[in-house]
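Trainee:
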Amino acid sequence: LIFLDHIPKDFPKLKNDAFLRACHGQETNHVPVWCMRQAGRYLPEFREFRAGKDFFETCRSPAACCELTLQPLRRFPFDAAIIFSDILVIPQAMGMDVQMVAGKGPTFPEPLKEPEDLLLLQPKVDVNKELGYVFKAITLTRHKLDGKVPLIGFTGAPWTLMAYMIEGGGSTTHSKAKRWLYRHPEASHKLLKMLTDVIVEYLLGQVAAGAQALQVFESHAGCLGPVEFQEFSLPYLRDIARKVKDQLKESGQDVPMIVFAKDGHYGLEDLSQSHYEVVGLDWTIDPRSARERTGGKVSLQGNMDPCALYAPKERISEIVKKMLEGFGTRGYIANLGHGLYPDMDPENVGAFVEAVHTHSRHLNLK
Ligand SMILES: Cc1c2[nH]c(c1CCC(=O)O)Cc1[nH]c(c(CCC(=O)O)c1C)Cc1[nH]c(c(CCC(=O)O)c1C)Cc1[nH]c(c(CCC(=O)O)c1C)C2
1 LIFLDHIPKD
11 FPKLKNDAFL
21 RACHGQETNH
31 VPVWCMRQAG
41 RYLPEFREFR
51 AGKDFFETCR
61 SPAACCELTL
71 QPLRRFPFDA
81 AIIFSDILVI
91 PQAMGMDVQM
101 VAGKGPTFPE
111 PLKEPEDLLL
121 LQPKVDVNKE
131 LGYVFKAITL
141 TRHKLDGKVP
151 LIGFTGAPWT
161 LMAYMIEGGG
171 STTHSKAKRW
181 LYRHPEASHK
191 LLKMLTDVIV
201 EYLLGQVAAG
211 AQALQVFESH
221 AGCLGPVEFQ
231 EFSLPYLRDI
241 ARKVKDQLKE
251 SGQDVPMIVF
261 AKDGHYGLED
271 LSQSHYEVVG
281 LDWTIDPRSA
291 RERTGGKVSL
301 QGNMDPCALY
311 APKERISEIV
321 KKMLEGFGTR
331 GYIANLGHGL
341 YPDMDPENVG
351 AFVEAVHTHS
361 RHLNLK
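For the sequence shown, UniProt numbering assigns the number 1 to the initial residue and increments by one for each residue that follows.
(1) Spatial neighbours of ILE2 within its chain, please: CB distance less than 7 Å, with the 5 preceding and 5 following residues excluded, ordered by chain position.
(2) In its own chain, which residues sit with a C-beta less than 6 Å from the C-beta of PRO158, not counting the 5 before and 5 after it?
(3) Cutting at 7 Å between CB atoms, please list the residues of its own chain near HIS184, excluding the five before and the five after it.
(4) Please indicate yes or no: does the CB of ILE82 lie closer than 7 Å to some heavy atom of ligand 1?
(5) Should MET162 be listed as close to ligand 1, given that the test is whether its C-beta is under 7 Å from any heavy atom?
(6) Could you pull the DSSP bridge partners for TYR332 from this structure?
(7) So, LYS264 versus GLY222, is the Cβ gap smaller than 8 Å?
(8) Please state whether DSSP places GLU231 in a helix, a strand or coil.
(9) Assign PRO150 to one of two classes, buried (16 or more other C-beta atoms within 10 Å of its C-beta) or exposed (fewer than that).
(10) Return yes when at least one heavy atom of ligand 1 lies under 7 Å from the C-beta of PHE78, else no.
(11) What are the complete alpha helix (DSSP H) segments, minimum 4 residues, inside the stretch 33-99?
(12) Out of LYS245, VAL216 and GLN247, state which residue places its alpha-carbon closest to the alpha-carbon of SER233.
(13) Could you name the residues of the same chain whose beta carbon sits closer than 7 Å to that of ALA290, not counting the 5 residues immediately before and after it, in chain order?
(14) Starting from the C-beta of TYR266, find all residues in its chain whose C-beta is less than 6 Å away, skip the five residues before and the five after it, and write them out in chain order.
(15) Could you tell me which residues DSSP puts in a beta bridge with GLU218?
(16) Could you check if GLY40 belongs to the surroundings of ligand 1, using beta carbon to heavy atom distance under 7 Å?
(17) For my contact list, VAL279 and VAL255 are in at a C-beta cut-off of 8 Å; report their separation, rounded to the angstrom.
(18) How is ILE316 classed by DSSP in three states: helix, strand or coil?
(19) Could you check where the alpha helix (DSSP H) with VAL207 kicks off and where it finishes?
(20) Any idea if VAL198 is buried or exposed, counting beta-carbon neighbours within 10 angstroms, 16 or more meaning buried?
Written as structure tokens, this is what we have:
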């Protein structure tokens, strides 16, 4: 792969490696914490910066992505940054039109309807050309972070992206996309394979650009059952991790990978044996049982109910303490079980971060 030869080597030295150490199951003084959607509409500075600008235009501006990535870190002592972007830049790179419609979310004016529509997709995507703007944003942000915390790159997983490409936007049932799984299994596998190929190159490009960890979002695992998950999600999640890791090993790099299959608790054992260092959890799983079911094979990330941030600060602190006791402080990264909502109070996000740091330091001294 060409882009691995171009790894910039003049990045500032990392000052806080708690997140990376926790990914590898190593000891840390405190439990590292970050929040999914930490760059988002709950921050007034985010709303002000985004006002009047098109969402995907913002994604295509490395300077804007850098600014939005850094905003939450100016407020809170998060232990990791996640690059501002979106999972739907991949369908765009494959030739589909995606627009962000205010009050509605991402919308595909012409979603995939039948297997013949796969012919409309770019058969061979040049990720450097189509997604180079993300790589530029990552390199710029890694410099501007000045080694404060590691930078996480991310992608949507194949099934989740397939679901958006067929549904044409958000959905509660995902029945259009699931119709493909039952009616057009071969075409489904063809599309999932196409997506996997692009995702592998995209993640490698992000590492070459400076990403220090990678998260794969299988946000729509919950609408699959265990049987469909085994056939249409898990093999591709595994393939992505194996291929990315094989390539990175060749160039002597070690970048931890996180898999987050939202509502995919039925797949927890399998996910813990899928070549990812970290398994992300939503709030429907009890921390102790997650530890038991994953048998110490992986680090765990999560999983406070985002809505617990509506509670008073003292209550947040108690909930965090219980969560830390359940997971233990080793091989654990605190996070929410899903992203922050726009109406959440930034002060309570601060209380969450502080509770994780304070209680985990205390537990480590015991
Ligand atoms: C802040 C934001 C993003 N995307 C969207 C918004 C809100 C719209 C706006 O700001 O104008 C629209 C935006 N983009 C998407 C949605 C969900 C639509 C739906 O399914 O109904 C919305 C509202 C699609 C999307 N996009 C993403 C996922 C996976 C995570 C998840 O499960 O929530 C998904 C499913 C990933 C994503 N998306 C984003 C990040 C940035 C980094 C961070 O976390 O701080 C990330 C990681 C950024």
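Note that beta-carbon positions come from the ideal geometry of N, C-alpha and C, so glycine has one too.
For clarity, every value in this text was computed on a predicted model and none was experimentally measured.
Mentor: Reading from the atomic positions:
(1) Reliability fails at ILE2, whose pLDDT of 47 lies under 50, so the model's placement of it is uncertain and no value is given.
(2) Correct list, in chain order: LEU192, LEU195, THR196 and TYR236.
(3) PRO115, listed in sequence order.
(4) Correct: ILE82 has its Cβ closer than 7 Å to ligand 1.
(5) No, since every heavy atom of ligand 1 falls outside the 7 Å radius drawn around the Cβ of MET162.
(6) DSSP lists LEU300 as the bridge partner or partners of TYR332.
(7) Rather than Lys, the amino acid found at residue 264 in this sequence is Gly. The Cβ atoms of GLY264 and GLY222 sit closer than 8 Å to each other.
(8) DSSP places GLU231 within a helical segment (H, G or I) once states are collapsed to three.
(9) By the Cβ neighbour-count rule, PRO150 is buried, with 16 or more other Cβ atoms within 10 Å of its own.
(10) Taken from the Cβ of PHE78, every heavy atom of ligand 1 lies 7 Å or farther away.
(11) For the stretch 33-99, whole alpha helix (DSSP H) runs of length 4 or above, ordered along the chain, are 44-50, 55-59, 62-75 and 89-93.
(12) Selected option, being the one with the closest Cα: VAL216.
(13) Excluding residues up to 5 positions away in sequence, LEU268, LEU281 and LEU300 lie with their Cβ nearer than 7 Å to the Cβ of ALA290 in the same chain.
(14) Within the same chain, TYR266 has close Cβ partners PRO226.
(15) DSSP, once it has assigned bridges, lists ALA261 as partnering GLU218.
(16) Here the distance from the Cβ of GLY40 to the nearest heavy atom of ligand 1 is below 7 Å.
(17) Contact check for VAL279 and VAL255: beta-carbon distance about 16 Å, past the 8 Å limit, so the pair fails to qualify.
(18) Here ILE316 sits in helix by DSSP.
(19) Unbroken alpha helix (DSSP H) run through VAL207: 185-209.
(20) So VAL198 counts as buried.
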